[in-house]
Amino acid sequence: MALLVALVTSALGLPSVALAVPHSVSEVPASQPYAGSRTFNETGFTVANYFYKTWKATPNALFVYGLPISQPFIEESISSPGEFYRVQYFERAILEEHPDNFGTPYYILGRLLGSKLASSRGNETAFKAVANPGDGTFDSASGHTLRNSPAPFRTFYTKNGGLSVFGRPLSEQFQEVNKANGKTYWVQYFERQRMEWHPEEKNPNYQILLGLLGNEYRDTNHAGNQAFVAGASLPNTLSGAGNGSGSVSSGSGSTSSASTGFAYGFNALLYEQQISTPVPGMRMKTLQLAKEAGMPWIRIQVRWMDLHDRSGAIYWGELDNIVSDANSQGIKLLVSVVKAPSWASNNSNGMPLRANFNDFNFFMGSMAGRYKGRVQAYEIWNEQNLAHENAGRVANASFYMDMLVGASNAIRANDPSALIVSGAPSSTETNVSSIAISDITFLDQMFSDPRFNSAVDIVGTHPGGASNPPDTMWPSNPGPGPNYVTSGEFYFRRIETVRDLMVRKGLSNKPMWVTEFGWATRNNTPGYGFGNSISFQMQSDYIVRAFQLAKTNYSPWLTGMFLWQLNYAVSWKAAGNELHEQASYGVINGDYSPRPAYLALKAMPK
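Using this note's numbering, you'd call the opening residue of the sequence shown number -3 and step up by one each time.
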């Protein structure tokens, strides 16, 4: 085998030194250089280095791979979670650089998209391995056969790159409905592709079509990823800049995160009339503060109960002004919808009764249609693992999933571009249904529902913090104490536990947003005494370090963070208690003057 590899390497003119498999973004080395490149005017993307060499060397590459639809960027493997590779997306395929294979013909490999599609279909007859029937080219490793009957797939396979392009067959030929046109065709699945026979096509070159798997995977997993925008600057965590792969400007000061694809955001109070103590002028000042800090996302909570009448009428009121003002300032909105009306929740104002799910769907669909293109994301409920969100008793995860799926469908029917974020459970290890259910237990049940993956674009999380610095964790590196130390629920790094669960549940390619995190300071609210040991400067340091962790340790799967919060101190000052715990989490004072954390966020590179 060593001699064979050496001979092939020599014949191709490849170096013979390979590197280790990368297990983090920072370990992904620079692309190996190769002379030549091509920019495709149809999409605006350039194919270069060994991606270009592979494209050139593939017979009928435009037909087999299609046009490029992304810049190269770094992404976690779908077949080997925990490994990271530089990839480039094409309409029909995704190519990966494997530095561990450099010096061999396997430096560039096609991602196993066909295997991903077939992974849940092993019990179907066509996907079950068979004995050699003796009537075609039998693949003993997969237990499937290449034939030219009824569809001439074997000839197409051998003429267009064979094993290196398509991989092994994963099924026999069988008939399947094409979702795009509703017609039935003969198909066969391979590790890297799906072939479909169209005998009605008069031009024989188009009688066998390949699936647009690159497009499909992009649409399912990469909403908002700037790598799919021709010419966009990418953050180091996507491009690999800093590892010798080419310079990418990350900016500094108040550089907008819109150019990086990472959602830098605040939680903020934008209602200034429909609150207990009205604060005229607060909304526009808050939007301007967020913009000046280079934090172009704001998460707001919208109370369903305030807007939707039993008659079915919806009174949008001040929310119209919030959406209009945010758009005028270039601020993107994540809307977290909470608190069902009394008539839909048996007077509890928790989650709706099952009998009222359709009312919730109507409300969410109406909101998505009204604010289409102006509200960028919706988070379906908030901390649903806490009893007080559901009339004093935690609803089980299947109940929440039924609500989530209906709301997701309603939003997408009215605004397909809007992102759907799953409601973020609160970080806790309590398992008493009248109080709370562990966030990990609740998420495990949500992730186990086969509908979850298609219902949401992003997983929402709320890690702990208490008085623990963001890089500490129980039990390996506990916080300073004396309280809120001996459980992972009290730490920002709780998101690592959530991520591990996502990988185990087959959701490794689903991004995560932290939709609430932060550190309280001095306050007078019972139960929040841990904030009394945190100075404004400590709060500032912890917040910036948390964002730094996201960039260095949690990329590319953590793609957004919303600090709790920007401006609640203004409202609480108006109410006469600027030491309320909500005010203590803020990064500005009640008179809008900045605390150290606001100034640090404004200066933080993004």
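Think of the CB as a built atom: it goes at the ideal place given N, C-alpha and C, for glycine as much as any other residue.
Asked, Found
"Keeping to the same chain, check which residues put their C-beta closer than 6 angstroms to that of Y594; ignore five residues upstream and five downstream.", "V583, I584"
"With 16 other CB atoms within 10 Å as the buried threshold, where does Y85 fall?", "buried"
"Are the CB atoms of V510 and I454 nearer to each other than 8 angstroms?", "no"
"Whole beta strand (DSSP E) runs in the segment 256 to 329 with 3 or more residues, listed along the chain?", "259 to 263, 293 to 299"
"Could you pull out every residue in the same chain whose Cβ sits closer than 7 angstroms to the Cβ of L166, ignoring the five residues on either side in sequence?", "G110, S111, A114, F123, S138, H140, Y185, F186, E187"
"Work out the CA separation of E385 and Q332 for me, nearest whole Å.", "Sequence check: residue 332 is Ser here, not Gln. Cα to Cα, the separation comes out at about 13 angstroms."
"Taking the C-alpha atoms as reference points, what is the distance between N678 and R370?", "Absent from the structure is residue 678, since the part of the chain shown begins at -3 and ends at 602."
"Which residue spans inside the segment 128 to 200 form an unbroken beta strand (DSSP E) run of at least 3?", "133 to 135, 140 to 142, 170 to 173, 180 to 185, 190 to 193"
"Considering only their Cβ atoms, is the gap separating I491 from T521 smaller than 8 angstroms?", "no"
"What does a CB cutoff of less than 8 angstroms around V401 pick up in its chain, not counting 5 residues either side in sequence?", "R447, A451"
"T424: buried (16+ other C-beta within 10 angstroms of its C-beta) or exposed?", "buried"
"Name the residue from E192, K198, Q222, P200 whose alpha carbon lies nearest to the alpha carbon of L208.", "E192"
"Could you pull the start and end residues of the alpha helix (DSSP H) that R34 belongs to?", "Per DSSP, R34 belongs to no alpha helix (DSSP H); it is in the beta strand (DSSP E), 33 to 36."
"Based on DSSP bridge pairs, tell me the residues matched to G106.", "L91"
"Counting Cβ pairs, one atom from each stretch, are 3 or more of them under 8 angstroms apart for the segment 424 to 444 and the segment 378 to 392?", "yes"
"Which residue spans inside the segment 365 to 415 form an unbroken alpha helix (DSSP H) run of at least 4?", "393 to 410"
"For T151, which residues in the same chain have their Cβ closer than 7 angstroms to its Cβ, ignoring the five residues on either side in sequence?", "N144"
"Indicate, with yes or no, if the ligand ADP has a heavy atom lying under 7 angstroms from the CB of S450.", "As presented, the structure is devoid of all ligands, the ligand ADP included, so that no description of it is given."
"Quickly, what does DSSP pair A223 with across the bridge? List them, please.", "A223 pairs with nothing; no bridge assigned."
"By how many angstroms is the C-alpha of L349 removed from the C-alpha of A340?", "6 angstroms"
"Can you tell me whether D355 is buried or exposed? The criterion is at least 16 other CB atoms within 10 Å of its CB, across all chains shown.", "buried"
"What does a CB cutoff of less than 7 angstroms around N156 pick up in its chain, not counting 5 residues either side in sequence?", "P55, N56, V60"
"Can you confirm whether the segment 562 to 575 touches the segment 301 to 317 when touching is taken to mean that 3 or more C-beta pairs between the two stretches lie within less than 8 angstroms?", "no"
"Under the three-state reduction of DSSP, which class applies to G207: helix, strand or coil?", "coil"
"Does the structure place the segment 496 to 511 close enough to the segment 433 to 448 that three or more beta carbon pairs sit under 8 angstroms?", "yes"
"Give the range of the alpha helix (DSSP H) segment to which Q535 is assigned.", "532 to 548"
"From this set, E168, I376, E288, which residue's C-alpha is nearest R295's C-alpha?", "I376"
"Could you tell me which of E87, E71, A289 sits nearest to L230, measuring between CA atoms?", "E71"
"Look at the Cβ atom of R190, then the Cβ atom of I65, and state whether they are nearer than 8 angstroms.", "no"
"Residues in the same chain with beta-carbon distance under 6 angstroms from A44, minus the five sequence neighbours each way, listed in chain order, please.", "S33"
"Would F47 and P68 be called neighbours here (beta carbons separated by less than 8 angstroms)?", "yes"
"Note down, in chain order, each residue of its chain lying with its Cβ closer than 6 angstroms to the Cβ of L382, except the 5 sequence neighbours on either side.", "S422, A432"
"Considering only their Cβ atoms, is the gap separating Q270 from L329 smaller than 8 angstroms?", "no"
"Looking at the secondary structure, which residues open and close the beta strand (DSSP E) in which V510 lies?", "508 to 513"
"By a C-beta neighbour count over all protein chains shown, 10 Å radius and 16 as the cutoff for buried, is G361 buried or exposed?", "buried"
"Around the Cβ of V173, are there at least 16 other Cβ atoms within 10 angstroms (buried) or fewer (exposed)?", "exposed"
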